[in-house]
Structure formats: C-alpha cells, structure tokens
Amino acid sequence: MARPRVLLVVTADDFGYCPRRDEGIVEAFLAGAVTSVSLLVNGTAAESAAELARRHQIPTGLHANLSEGRPVGPARPGASSLLSPEGFFLGKMGFREAVAAGDVALPQVREELEAQLIRFRELLGRDPTHVDGHQHVHVLPGVCQVFAETLQTNGVRFTRLPVECGVDRCAWLEAPAQAFARAVERDARAAVGPFSRHGLRWTDAFVGLSTCGRHMSAHRVSGALAWALEGIPTGHTLTAELMAHPGYPSVPPAGGCGEGPDAFSCSWERLHELRVLTAPTLRARLAQEGVQLCTLHNLDSKRPGEGVLGEASLETFLEPSPPCP
Numbered sequence: 002m003a004r005p006r007v008l009l010v011v012t013a014d015d016f017g018y019c020p021r022r023d024e025g026i027v028e029a030f031l032a033g034a035v036t037s038v039s040l041l042v043n044g045t046a047a048e049s050a051a052e053l054a055r056r057h058q059i060p061t062g063l064h065a066n067l068s069e070g071r072p073v074g075p076a077r078p079g080a081s082s083l084l085s086p087e088g089f090f091l092g093k094m095g096f097r098e099a100v101a102a103g104d105v106a107l108p109q110v111r112e113e114l115e116a117q118l119i120r121f122r123e124l125l126g127r128d129p130t131h132v133d134g135h136q137h138v139h140v141l142p143g144v145c146q147v148f149a150e151t152l153q154t155n156g157v158r159f160t161r162l163p164v165e166c167g168v169d170r171c172a173w174l175e176a177p178a179q180a181f182a183r184a185v186e187r188d189a190r191a192a193v194g195p196f197s198r199h200g201l202r203w204t205d206a207f208v209g210l211s212t213c214g215r216h217m218s219a220h221r222v223s224g225a226l227a228w229a230l231e232g233i234p235t236g237h238t239l240t241a242e243l244m245a246h247p248g249y250p251s252v253p254p255a256g257g258c259g260e261g262p263d264a265f266s267c268s269w270e271r272l273h274e275l276r277v278l279t280a281p282t283l284r285a286r287l288a289q290e291g292v293q294l295c296t297l298h299n300l301d302s303k304r305p306g307e308g309v310l311g312e313a314s315l316e317t318f319l320e321p322s323p324p325c326p
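FYI, in our numbering the residues of the sequence shown are 2 to 326.
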C-alpha cells in the first residue's frame with residue numbers, strides 16, 4: 002500500500018541571531034536542505050541576515066520574539082510587563098511563568114508584535130511569508146489570541162502549530178525536554194480556536210521538538226514524519242513543517258538578541274543539525290519515502306485542479322486542520 006505523499010517545508014529558526022549561525026543557514030539553503038527561514042528582528046545580526054535573504058532570495062518569515070533579549074518596540078523597564086528591571090525580556094520560562102500568573106499585559110504584547118512586523122518590513126522591504134514564535138511563545142494562553150489578531154490585521158496568513166505526534170514515544174528525550182514538548186503541544190492545541198477564527202493557516206503536521214540539536218538524525222526525522230502520517234488515507238497529500246536550528250556555533254560575545262549568545266547557540270548541536278540536514282543520507286531517505294521539499298509559496302500558489310505537487314487538491318490541506326489524535 003502506497004504511503005501518502007508529503008510536502009515538507011524545512012524552516013531554519015533564529016536567522017539573524019549570529020553571523021556564524023546565519024552562515025550555516027545560508028549554506029543549508031543553497032544546498033537545498035532548508036526551504037524557509039524565520040528572522041529574529043531583534044537579533045544582533047538582523048541587518049546582515051536581511052541582506053543575505055535578499056541576495057539569495059530566501060523565503061523569510063518573522064520569528065516573533067517576546068522572551069529573549071531587548072524589545073524592538075517602545076517598552077521600557079519598570080513600565081512594561083514584558084521586561085526585567087535590566088530591560089530584557091523575561092526568558093523562555095520566565096515569560097511563560099509571567100503569562101500563567103496573569104502578570105503580562107496583553108496590549109503590550111500587541112505593541113511589541115506590531116513593532117517587530119514594522120521592523121521586518123524595514124529590513125526586507127516586504128511582508129513576511131509567515132510569522133511563528135521564538136521558543137513557541139505565540140501559542141501561549143492569551144498571547145495566541147493577540148498574536149492571531151495582529152497577524153490578521155497585518156495580512157499575514159501562515160503560522161506554525163507546534164503539535165508533534167509521537168513525542169511521548171521519544172525515549173531519547175530527557176525529562177525536561179519531554180515536559181516542555183508536552184506543554185507546547187497543550188498550548189498549541191488550545192490555540193487552534195483563535196488561529197482558525199482569524200483565518201490563519203498552518204501545515205497539517207509539525208516535526209522538530211523531538212529532533213532538536215543532538216537528537217536530530219535522518220532516522221528520527223523520517224520516523225517523526227511517519228508518526229504524523231498515521232491515520233492519513235492512502236493517496237492523500239500531507240503538508241508538514243520541519244523546524245530546524247542549523248548553523249555554526251556562536252563565539253561570544255558575538256550573537257544573541259542583546260544579552261550575548263546562549264549555551265545552545267555556542268554548542269556543537271547547531272553544527273550537528275547542519276550536517277544532518279545537508280548530508281545525502283537524509284535527502285535520499287526523504288525522497289525514497291515520497292517526501293518533497295517545498296516552500297509555503299509552493300503550497301499557497303496551488304489551486305484546485307492544478308495537481309502539480311500531488312494527486313489530491315492542495316487547497317484541502319491549506320485550511321486549518323485538527324491536530325493529530
């Protein structure tokens with residue numbers, strides 16, 4: 002029995018975080034291993050990254066950041082619920098804790114998102130292909146509603162829904178990573194309603210929580226996509242996104258979003274992802290399994306009856322679909 006065909010968008014996150022990171026991302030794009038990037042407009046290398054995106058015509062979206070570094074908007078320490086007394090965002094877990102405690106003023110979230118969209122247009126001279134969230138902040142309760150409203154107002158249609166089928170089966174993930182993945186999935190499932198009501202779209206499946214950093218391998222990427230295919234009728238086309246973090250390790254003090262690069266950015270794990278993504282093994286395996294790499298534009302440009310990328314009409318798969326069971 003033939004398995005469903007998969008149209009896979011491979012998105013490199015954190016573009017603009019560090020020149021060495023960006024060098025690796027561009028290398029992966031030119032090799033055909035990455036098809037999209039998400040730009041941190043508050044990253045220290047945002048301007049040079051935007052120049053690289055223009056030069057190489059890289060499909061670029063906004064990596065909305067509410068958790069790391071300095072804000073883009075007018076938020077000020079002492080006057081903004083988003084910032085620490087030192088003027089930085091509250092951190093990956095700090096922001097989540099503040100949201101859960103009801104300490105984050107959602108109008109300030111909207112103001113910062115608007116400022117980042119404006120900055121993106123200044124850097125690229127166009128609208129983003131998509132907007133997702135750095136450290137998945139865009140699916141947090143309350144934040145997801147403001148996020149969806151802001152994207153709709155600004156004419157952005159595509160986002161990321163980080164629900165990965167089978168993460169609970171990934172014995173290689175450490176307990177903290179498992180807990181974080183489950184929390185992200187829970188929040189993402191709850192964000193489906195606001196995202197749908199505001200006309201946002203996303204791929205049918207998402208992969209990347211179980212294959213991040215040292216955990217990435219051709220076997221695990223393939224397996225994660227296979228789990229996403231469970232229950233999909235034969236002959237149907239599935240759209241999927243692989244979240245990736247390729248690049249060369251940052252060398253302090255260069256990099257980051259105003260506070261210097263974090264430990265993950267300085268580690269060998271970014272280089273490991275770059276090597277896995279660009280190695281012939283993964284590309285050959287995906288091709289053998291009927292996976293075709295593409296961009297969001299490839300998905301969005303197809304209309305019923307064209308049938309260029311798959312037997313089934315792609316329009317069906319562009320509408321918000323329920324997460325995996």
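Think of the CB as a built atom: it goes at the ideal place given N, C-alpha and C, for glycine as much as any other residue.
Between H199 and E274, the CB-CB gap reaches or exceeds 9 Å. Under the three-state reduction of DSSP, V292 is assigned to strand. Three or more Cβ pairs closer than 8 Å define a contact, and the segment 12-20 falls short of that threshold against the segment 227-237. Looking only at A180, A47, T61 and A116, the smallest Cα-Cα distance to T130 is reached by T61.
Note that the C-beta distance between R21 and Y249 is below 9 Å. Its chain contains T212 as the residues whose beta carbon lies nearer than 6 Å to that of V222, once the 5 sequence neighbours on both sides are disregarded; these appear in chain order. Note that the C-beta distance between L294 and L300 is not below 9 Å. Cβ neighbours of E112 within its own chain (closer than 6 Å, five residues either side excluded): G74. Between L278 and A32, the gap from beta carbon to beta carbon is short of 9 Å. With 16 or more other Cβ atoms inside 10 Å of its own Cβ, H246 counts as buried.
Per DSSP, the unbroken alpha helix (DSSP H) holding T154 starts and ends at V144 to T154. Rounded to the nearest angstrom, the gap between the Cα atoms of S81 and V27 is 35 Å. Runs of beta strand (DSSP E) with 3 or more residues, each lying fully within the segment 194-240, are found at 206-208, listed in chain order. Scanning V147, D169, F159 and L41 for the CA closest to the CA of V132 turns up F159.
Uninterrupted beta strand (DSSP E) stretches at least 3 residues long and entirely within the segment 84-170 occur at 132-134, given in chain order.
Apart from the 5 residues on each side of it in sequence, C267 sits with its Cβ closer than 6 Å to the Cβ of P250 and S251 in its chain, given in chain order. Counting every other CB atom within 10 Å of its CB across the protein chains shown gives Q146 a total of 16 or more, marking it as buried. Following the DSSP letters along the chain, one finds D23 inside the alpha helix (DSSP H) bounded by residues P20 to L31. Under the three-state reduction of DSSP output, T282 falls in the helix class. In the same chain as H139, and ignoring 5 residues on each side of it, the C-beta atoms closer than 8 Å to its own belong to A65, V132, D133, C145, F148, T160, R161 and A192, in chain order.
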